[in-house]
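In structure tokens form, the structure reads like this:
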């Protein structure tokens, strides 16, 4: 039974899975279906967590919109995610950036990683 499930999940993995880390500022191009039409909407923010593995992997992006924090969780291997573009790499020392939820303004920023 486990081999059957594993084979199905491997077939659903994306070959072009985006490479990014927690703390990076990304643009997520997501497909939105409205009635019988489909369009692409861009969601730009900081990746505050990545979790799961294989097909079940998800990542959460947080942005500040009109003074209100907005978070959206995306499945990494979903066909509803067109592409993920990395804008800048962040310098962070932890795997989950939950502390950003309580911060506003300049304190909610992540330093840029200079390579």
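Numbering (the working numbering), first residue to last: 1459 to 1573.
Each residue gets a CB set at the ideal place from its N, CA and C atoms; glycine is no exception.
Computed from a predicted model, the values in this text were never measured in an experiment.
Among the options, whose alpha-carbon lies nearest the alpha-carbon of residue i?
i: residue 1466; options: 1530, 1513, 1562 and 1486; result: 1513
i: residue 1520; options: 1475, 1493 and 1562; result: 1562
i: residue 1485; options: 1509, 1567, 1527 and 1500; result: 1500
i: residue 1506; options: 1474, 1568, 1554 and 1571; result: 1554
i: residue 1551; options: 1538, 1568 and 1559; result: 1568
i: residue 1572; options: 1492, 1549 and 1538; result: 1549
i: residue 1533; options: 1522, 1493, 1470 and 1564; result: 1470
Does residue i have its Cβ less than 8 Å from a Cβ in chain B?
i: residue 1491; result: Judged by its chain identifiers, the structure shown contains no chain B, having just a single protein chain.
Tell me which same chain residues have a C-beta within less than 6 Å of the C-beta of residue i, skipping the five on either side of it?
i: residue 1490; result: 1497 and 1499
i: residue 1542; result: 1476, 1484 and 1486
How long is the line joining the alpha carbons of residue i and residue j, rounded to whole angstroms?
i: residue 1495; j: residue 1481; result: 33 Å
i: residue 1502; j: residue 1493; result: 25 Å
i: residue 1468; j: residue 1462; result: 10 Å
Less than 8 Å between the C-beta atoms of residue i and residue j, yes or no?
i: residue 1472; j: residue 1547; result: no
i: residue 1483; j: residue 1504; result: yes
i: residue 1516; j: residue 1510; result: yes
i: residue 1487; j: residue 1570; result: no
Spatial neighbours of residue i within its chain, please: CB distance less than 8 Å, with the 5 preceding and 5 following residues excluded, ordered by chain position.
i: residue 1556; result: 1506 and 1507
Considering only heavy atoms of the ligand FAD, does any lie closer than 7 Å to the CB of residue i?
i: residue 1542; result: Although the ligand FAD was asked about, the structure shown includes no ligands whatsoever.
**Item:** the stretch 1523-1533 / the stretch 1462-1478 touching (three or more Cβ pairs under 8 Å)
**Value:** no
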